[in-house]
Each structure stands twice: as C-alpha cells, then as structure tokens.
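In this note's numbering, the protein residues as written are 4 to 141.
Take a look at the structure:
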C-alpha cells in the first residue's frame, strides 16, 4: 500500500472506532441520523443569570408527527420584568407566562428543532414546561 492510502485507511478506522460505528459510509456525504422517535417532543432550557436573566429554550420534535400549536409556559416572579425576546411573543397573566413561537417555527416537522428565548431584569423565571410537560434545565 502507498503511504497516503495507509494513512487514509488508518484515519478512517480511528474515526469508526471512536464513534463506535458498526458500518462504513459508502458515500462522501453520509446523512446524519436523527435521534430515535419518542412519544413526546423535548424541551431544554439554558438559564443564565447576571443581575438579570437570559433564557434560551430549545424545543425538539422527536416524534413522528408534526408538532403544532406548541407553547412554553413558565413562572415569572412579580418583581421581574421581561425586556427582550427572540423568535416569538410572550403573554403574561399575573406570574404565569407563556412563550408563543413565531409563525415560521409554530409547526415543527419530525426531527426538527426551534430555538427561542427571552431576557429581562429581576429574579429569573422558573417552572418551564412545553405544553404542560416539564422542560429539562441544562
């Protein structure tokens, strides 16, 4: 074997061993598999505090059907104020808040994800839920 071919073969074997792959891709641009379908979409919240708060929400449709009319609910302390948001709107009813996605991400096809969020001052919001199902804090 030529030295370059040996190095290429070794690099491919290392990549396969590292990834734990059971098969070898036969095309230059192999597709990335989506996570296995679950019964409910997932929601992850990354909450940053710094004298105020910044909330980043990732909603993933891991089901086999489109996700429509989704919202993220949360509790906002009365002393807090929302000052910015992205990819959607927020409605407040006392301390109960609801994030409504923008029209372009209001329906998520299976295997897709939307990233939304908001920021503000005061104490950070709590109790995030996607359509009533608790979100995971990351």
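Using N, Cα and C, we set each Cβ at its ideal position, and we do this for glycine too.
For residue i, the first and last residue of its enclosing beta strand (DSSP E)
| i | result |
| --- | --- |
| residue 46 | 45-52 |
| residue 141 | Taken as a continuous stretch (DSSP letters only), residue 141 belongs to no beta strand (DSSP E), as it is neither H nor E. |
| residue 78 | 75-78 |
Proximal residues to residue i (C-beta, below 6 Å), its chain only, five neighbours per side dropped
| i | result |
| --- | --- |
| residue 71 | 110 |
| residue 134 | 73 |
| residue 2 | For the chain, the structure presents residues 4 to 141; residue 2 sits outside this window and is missing. |
| residue 140 | 48 |
DSSP three-state assignment for residue i, whether helix, strand or coil
| i | result |
| --- | --- |
| residue 61 | strand |
| residue 55 | strand |
| residue 132 | strand |
Same chain, Cβ closer than 8 Å to residue i, five either side skipped, listed in chain order
| i | result |
| --- | --- |
| residue 94 | 100, 101 and 103 |
| residue 125 | 55, 56, 80, 82, 83 and 84 |
| residue 116 | 61, 62, 63 and 64 |
Integer Cβ distance of residue i from residue j, believed to fall under 8 Å
| i | j | result |
| --- | --- | --- |
| residue 78 | residue 45 | The Cβ separation is near 20 Å, so there is no contact. |
| residue 123 | residue 54 | The Cβ separation is near 11 Å, so there is no contact. |
| residue 42 | residue 66 | 7 Å |
| residue 3 | residue 64 | Here the chain has residues from 4 to 141 only, and residue 3 is not among them. |
| residue 132 | residue 58 | Contact flag wrong, Cβ pair sits at about 13 Å. |
Residues of its chain near residue i, where Cβ-Cβ distance is below 7 Å and the 5 sequence neighbours each way are ignored
| i | result |
| --- | --- |
| residue 127 | 50, 52 and 56 |
| residue 86 | 122, 123 and 124 |
* Would you list, in sequence order, the uninterrupted alpha helix (DSSP H) runs of no fewer than 4 residues that lie entirely inside the region 86-128? => none
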